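Participant:
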Ligand SMILES: Nc1ncnc2c1ncn2[C@@H]1O[C@H](COP(=O)(O)OP(=O)(O)OP(=O)(O)O)[C@@H](O)[C@H]1O
Ligand SMILES: Nc1ncnc2c1ncn2[C@@H]1O[C@H](COP(=O)(O)OP(=O)(O)OP(=O)(O)O)[C@@H](O)[C@H]1O
Ligand SMILES: [Mg+2]
Ligand SMILES: [Mg+2]
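Protein chains in written order, with the working numbering: chain A, -18 to 304; chain L, 135 to 698; chain B, 549 to 878; chain C, 35 to 627.
1. State the beta-bridge partners of residue 240 of chain C as determined by DSSP.
2. Taking Cβ positions, are residue 638 of chain L and residue 644 of chain L nearer each other than 7 angstroms?
3. Taking the beta carbon of residue 123 of chain A as the centre, do at least 16 other beta carbons fall within 10 Å, making it buried, or is it exposed?
4. For the stretch 551 to 570 of chain B, which residues have a CB atom closer than 7 angstroms to at least one CB atom of chain A, in sequence order?
5. Apart from the five residues on each side of it in sequence, which residues of its chain come closer than 6 angstroms, Cβ to Cβ, to residue 549 of chain L?
6. Closer than 5 angstroms between the C-beta and any heavy atom of ligand 3: which residues qualify, listed along the chain?
7. Which residue marks the beginning of the beta strand (DSSP E) containing residue 534 of chain C, and which one marks its end?
8. If contacts are defined as beta-carbon pairs under 8 angstroms, then residue 368 of chain L and residue 355 of chain L qualify, I think. What distance do you get, rounded to the angstrom?
9. What distance in whole Å lies between the Cβ atoms of residue 422 of chain L and residue 185 of chain L, which are believed to be in contact at a cut-off of 8 angstroms?
10. On the premise that residue 238 of chain C lies in contact with residue 667 of chain C, defined as a C-beta separation below 8 angstroms, what is that separation, rounded to the nearest angstrom?
11. Tell me the rounded alpha-carbon separation between residue 574 of chain L and residue 288 of chain L.
12. Got a sec: is the Cβ-Cβ distance from residue 775 of chain B to anything in chain C below 7 angstroms?
13. Residue 688 of chain L by DSSP, collapsed to three states: which one?
14. Against chain L, does residue 598 of chain B count as a neighbour if the rule is that its beta carbon must be under 7 angstroms from one of theirs?
15. Quick one: which chain B residues come within Cβ less than 7 angstroms of residue 180 of chain C?
16. Given 8 angstroms as the limit, is there contact between the stretch 451 to 463 of chain L and the stretch 607 to 625 of chain L, that is, 3 or more CB pairs closer than that?
17. Helix, strand or coil for residue 47 of chain A? Go by DSSP, reduced to three states.
18. List the residues of chain L whose Cβ lies closer than 7 angstroms to the Cβ of residue 250 of chain A, in chain order.
19. Mind checking whether the beta-carbon of residue 198 of chain A lies closer than 6 angstroms to any heavy atom of ligand 4?
20. Spell out the partners DSSP gives residue 634 of chain B in its beta bridges.
21. List in chain order the residues whose CB is within less than 5 angstroms of at least one heavy atom of ligand 1.
22. Just to confirm, is the Cβ distance from residue 864 of chain B to residue 808 of chain B under 7 angstroms?
23. Per the contact definition of three or more C-beta pairs closer than 8 angstroms, is the stretch 312 to 320 of chain L in contact with the stretch 185 to 205 of chain L?
24. At least one CB of chain L closer than 7 angstroms to the CB of residue 263 of chain A: is that the case?
25. Do the CB positions of residue 553 of chain L and residue 478 of chain L come within less than 7 angstroms of each other?
26. What does residue 432 of chain C touch in chain A if you count any residue whose Cβ is under 8 angstroms from its own?
27. Please find out if some non-hydrogen atom of ligand 2 comes closer than 6 angstroms to the beta-carbon of residue 79 of chain C.
28. So is the beta-carbon of residue 522 of chain C under 6 angstroms away from any non-hydrogen atom of ligand 5?
29. Which residues share a DSSP beta bridge with residue 618 of chain C?
30. Among B/746, B/780, B/751 and B/791, which one has its Cα closest to the Cα of residue 767 of chain B?
31. Strictly under 7 angstroms for the Cβ-Cβ distance: is residue 713 of chain B near chain A by that measure?
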């Protein structure tokens, strides 16, 4: 119970409290998933170090600058996407950059954006969904209105229409758009829309929970709305929340890739998984290898992350005991 | 030669070399008589599917102003003159007219006579009034989208607006500048000498329109046919069906054939799907061709390695287009700096990230090899992969170092990659380039507007017909605004020269002078030529007669037939 | 229930008004100039101005919007580029200068494709999403659970344009196992319709199913421990039936809510799927309209999508209330 | 009929703690037509036995060993399967069942076997009626399903008819068969549960506290029904109850449980008359009759002969210089009923022609006026469904009245301002009738108890935990229970947690809705003693909703009687019990004796 709680526990814990963390670590799959997720995070943090040891960087156009690596059409000459002792994961078709370092630095971009957006949307979704579901009445109607308007608006079209405005208004013409600005814009856009599905589905749950006696009882005791929302309702929607949060990360990585594809995502030369996959699908028939690395990396990450989510869910549910 | 005929398998880049392959010379009256030279091996019958990812913007002949639409509209529309294509070589001949026109008065008066037996789809003959009415329409409201030349030339005004102030279209009455002494004769009177009238007469805007069939806006959907086919069904954005036109007589038409029974256009499929369907040959894919969609980059490898697929690729030069890296001369006024940029330009790498030599041949000139009497020249030979050392030497001579240059590019994956190449390549010569993505839709506005902040940007330019008349006088006239003169090149001497040459009424003489002027301009390196682009399109295995039209730059539909 | 439906309808109207206003403002305020696009690259500024005037884009934004709303309610006359006047009937969403067609008509042309796509994809999604989620919950913690979860997660981590492309390549173009994706009106040839839509259905359903699978799994696990489920088993109901009838019902609320969202969003936002499979539906229509800066068409498509979202979200609300009688409709 | 040998039930370690052995080494037999009473203090494992017989515990957390055989005839060579841990579900063996016609081993039996037994041959009445009924289905449908499950040939209409008939037999009008459980009162839900269990005329009925929420009259009616069935079909009944009166009147034999072990087992008459074990003796001694001295300390198992007498308020009513704590005037609560198409007959009666949607509202409370003085204890009695809980909920501020006025300490409490709301939430506490439903399943007991302490006391975190432990001990639980979740408690334990929660902020008024209904006599006595002590020390007022007249008589100063939403009588305790005014009250009293 302790690890995920957002509120400080008011009561002294039993010293040997076998918390959910321990339950989680006992679960073999959960522990493995945790390890994989941590590994990815570690790699993201240590990307410069690893790149330095390996002796390549993610921006240099090796394939274009050194003869004999890429064909006239930009495809790696060596088989398997140009994998060699020199370039462990091969070369990027076209620009001829090193795939391994791109992949490493790409973790940073993709995961930073996805995590940030997931955190923001989950927080917003939870607050809005639970609060509104509990309060009902005017708040509910206002929320319903806002959610419907936002939902009804096709995000993709909006992005296409708006991103140039953002770019032309906010960025000085003589300067390249700074990385953080791209990140920020993406996170904001994802956040602006991403919280609604969670909020709506939580609202549905909370609506039925709020008529239950235990909520009524807290009300009768004079618990504040905040208390009811945070302490009584939240614990009961935790697994729903977890599902959303863990699904949000891969979804955002994928959406970010789709946006890169449409030219409103992260632009070159910032390394990015999404864009790598998009590029990979372009050259899939000619150079499938290039698709494999970011594709598999994303898949492994998503799987691990979701299995972790499952394991945490199980560890948190008081009613499903140890297996 | 460009568009190597029906085999269509000539490897890219190898076909167009050194001098112009094009004899867009004016044909004689005899050459203008029908019927069109038969396509070897062609047989009549069947339905050809034409796949096009997006609907043509316009079908109204006076609004059509794009190569692919010109090309397709040959199926149902005829003009005064048109290009006869034999073995990939184009020759301008009389189409509705008996010849390419007779100039008089030093090019101020041009006379056309219509052929006998030319008729509308309902069988009524095409008259000189129909031709006149069609050209009058180009003055009308709503026809801004078409070329401005008839209004400008016929009124002698430099701007389209001013021309329309003088005459506002058929609603405003009769246009005196065009005479129709009889049913068959059209006489144009121009205030200034005009050398390019025969070429303009081949444009879609020179198509006749019958006043009683002019449905206004709806004419853009269902134009009344004069060509070998007529449109029998058209659901916008979805489908268009063409059938043989009973009013068309083969022996009046020296250009077009009428082999298939029907053409069915399908719109709204994604390019990649279209190409894959044609390659797979399923569900009508074997009988299909594209009208403007080119081979998707995803399939380059397949097209290179799979012999069956390679068969189906039709390759040719994309009309008279030239891709160039435009330098904003106002912001980079120093010739030395521009020259340094020219030398450092990593053209080969930039082409490599876009698909390599398949996409085009590196360019050294402002004009395209597709123009008549074109000659290759290379004023400042540069290494294709860029020559940082030479560029640095050139920079040393500059009055002032360029500082950092902003490169505006269309924000597409391809655009981003090219930007990376340029940043990398120019950096080797010590030039800092800051890439700035621009929304593709707003791109032209953004780079053309008066206070545009970009020093460098890419642009593909083309002339309107295969003479240099619409190149230097339009794009490098210091008096024109950024929309036309996107390099903001200002050279009074050049401007004077333009005015002088414009007075020449004889096409070939005029062209010669213009080529000389081009080299004068190119000495100042106002733009950095990049490539003469190549198109690669697919045709179905059962489709014969496919070649890239040397003028219009896409697969010509009027010559297609089904092999079985 | 009745008053709820009425209130929902009113709210929906308000939402649509807000969406249309927002769409109008946003798209008209974007930097790209539709008149320039309509005119073509060789136009000089004078020509562009003329085009702008005939398209009515020189009017103040509010006036344009007012005209637009009026058109939806009562139909209106629209000036064409050449100065002639076109009448556009009552639910008039404007006139597309690009297509020379009233937007309403253009949308109805493309709608059947998108409807077919969505309906089938939803069916696939329901089987793959809640279906696998249910199985996984039943086999909680065992290998089936892990396998199923993994399977649907793969869907969550691939992108539709990649999967769609690879699937077409593998199943259609190189092996010919499946018919070419494409739309045939079901009235014309049901078999061809289903055949042409099969792959899009599968891919779209699969890609979107993961979130449902996972949500239903966790919701079911949650509800499985309720006392009333135990009662049901005490009656002699089998595990499966007890869970189907009681647990599933208890777990359905959030799922239905999400499903409503998804259905609306699928209808409105099938851009990528339609693009990938070359289907000429509303999504692609909208994308092309954006590309061609065909503002009336863009706003029309947005409104249509909004209608679907609003409709399905409201239906989901109703369904949730029906599923759980304790929920009071407010 | 039923033979239980060496039954041991262990719950897996909740979050790493010690495993809980709820039942150990229990053996008993039950013959056809026999009624066995299972008594014992709250938490002694009674419900666990019932659930184990039908194999309804979660197999992942529960280990059941021993043997449970269900059969029509005497067991042959009934050597039980050697005790060894067996998973209840999923184990393939069917221990010795094939050899014995009609006899089935239920421990480790296959799911399909259990499925046929459950609800058909053996039915179970669950203890917690609200949470045990599906909130999503109408009660009629839930009953009909029970029938159809075991009569595959029966049609829908047939099942429906039987369901409605059965509901009527337990006193629920046919018209309400379509309603959802949350629209029923506690006692009505309990009767629905009973009706459900009786649908298939089971051979074995396990009834877990079936009558806790029923007033004496309905209780008798239900018990009569049970007896009737038993006569007709020879049903064997395992009756779990803490109410020794019920046990005495219904059962043939009684088994006393304590801490999961058998204490004593004998024919009921003998056992109650001459209990052998001291525990049983104490238990019997603790039973409350209508002859107790009101306000005296009650005997418990731990303290079988107390001497103390608590101070009661004596005269009901206001002392000078006091004002009423609660004044209720003309209170009405109407629930919108289900809308249905009015029948043609109704329409004709009302002179209408078009069919209209009509909602007949349920008048749960209809013009109740009530006063409670500070420190006074008012008992609220009345038959099941008469509106007691609804009245209580209004007073606690959880239900908006449709009419009437509630004043608290002179202030209007129907529309309280901020200040008053704060005060009310501290000074008025509610003990819910359905204890499980009122506990948040995702919060430990420590956290549940912490809420009122944090809100209404200035204590620090550590002190609060101590106080929570103290509260638990006061209601007879231990500090070890603090970190458990609600589902890990027995019904009576949950009820005591509810009481502890209400006591936490030291309120002035406690509205207690059947607070001791699920408690065995001993614990009930302990809780009542606690309440009386509090009353004496802190001058707490009570609105005490109960159907148990003995308790009411012992504990309350004044008694109000409700009938069909109206207050039919409100008098001094002694006067009421001596000379009831209304027929209805007389009837109630008569049923209790
Ligand atoms: N939400 C509701 N909707 C409709 N009717 C309701 C609702 N809640 C209670 N009722 C009805 O109101 C009446 C009074 O219910 P209440 O719970 O107050 O009874 P009670 O006196 O507490 O009975 P018991 O002793 O059985 O608990 C009952 O007939 C019940 O069915
Ligand atoms: N799921 C569980 N996990 C852990 N402990 C449990 C669980 N269920 C019940 N217990 C414990 O087992 C013991 C017996 O519970 P049971 O419900 O059988 O009691 P009971 O005799 O029915 O009591 P009551 O009369 O209060 O209903 C109690 O101490 C309870 O706390
Ligand atoms: Mg119990
Ligand atoms: Mg009650």
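All residues carry an ideal CB built from backbone N, CA and C; glycine is no exception. If you're wondering where the values come from, they're calculated on a predicted model, not measured in any experiment.
Facilitator: Let's see:
1. Answer is C/158 and C/272.
2. Less than 7 angstroms divides the Cβ of residue 638 of chain L from the Cβ of residue 644 of chain L.
3. By the neighbour-count rule (16 or more Cβ atoms within 10 Å), residue 123 of chain A is not buried but exposed.
4. Taking 7 angstroms as the Cβ-Cβ cut-off, the stretch 551 to 570 of chain B approaches chain A at 559, 562, 563, 566, 567 and 570, given in chain order.
5. Sequence-distant Cβ neighbours of residue 549 of chain L in its own chain, meaning closer than 6 angstroms and more than five residues away, are 543.
6. Result (chain order): C/81, C/161, C/524 and C/525.
7. Segment 525 to 537 is the alpha helix (DSSP H) holding residue 534 of chain C; no beta strand (DSSP E) there.
8. Indeed they touch by this definition, with Cβ atoms about 6 angstroms apart.
9. A Cβ-Cβ separation of about 5 angstroms places residue 185 of chain L in contact with residue 422 of chain L under the 8 angstroms criterion.
10. The requested residue 667 of chain C is not part of the displayed model; chain C covers only 35 to 627.
11. Computed Cα separation, rounded: 36 angstroms.
12. Output row for residue 775 of chain B: interface = yes.
13. Reduced to three states, the DSSP call for residue 688 of chain L is coil.
14. Yes - at least one Cβ of chain L is within 7 angstroms of the one on residue 598 of chain B.
15. Per Cβ cutoff of 7 angstroms: 783.
16. Yes, since at least three Cβ pairs between the stretch 451 to 463 of chain L and the stretch 607 to 625 of chain L fall closer than 8 angstroms, the two stretches touch.
17. Here residue 47 of chain A sits in coil by DSSP.
18. Neighbours of residue 250 of chain A in chain L, taken as residues at a C-beta separation under 7 angstroms, are given in chain order as 554.
19. Outside the cutoff, so no.
20. DSSP lists B/626 as partners of residue 634 of chain B.
21. Look at which beta carbons fall closer than 5 angstroms to any heavy atom of ligand 1; those residues are C/217, C/218, C/219, C/220, C/221, C/369, C/396, C/398, C/418, C/419, C/420, C/421, C/422, C/423 and C/424.
22. Remark: C-beta atoms of residue 864 of chain B and residue 808 of chain B approach each other more closely than 7 angstroms.
23. Taking 8 angstroms as the limit for Cβ pairs, the verdict is that the stretch 312 to 320 of chain L does not touch the stretch 185 to 205 of chain L.
24. Chain L, which has a Cβ nearer than 7 angstroms to the Cβ of residue 263 of chain A, makes this yes.
25. With contacts defined as CB atoms closer than 7 angstroms, residue 553 of chain L and residue 478 of chain L fail to qualify as a contacting pair.
26. Here the neighbours are 197, 200 and 201.
27. At least one heavy atom of ligand 2 is nearer than 6 angstroms to the Cβ of residue 79 of chain C, so yes.
28. In terms of ligand content, the structure shown lacks ligand 5 and carries ligand 1, ligand 2, ligand 3 and ligand 4 instead.
29. Residue pairing by DSSP places residue 618 of chain C in no beta bridge whatsoever.
30. Answer by Cα proximity: B/791.
31. At least one chain A Cβ lies under 7 angstroms of residue 713 of chain B.
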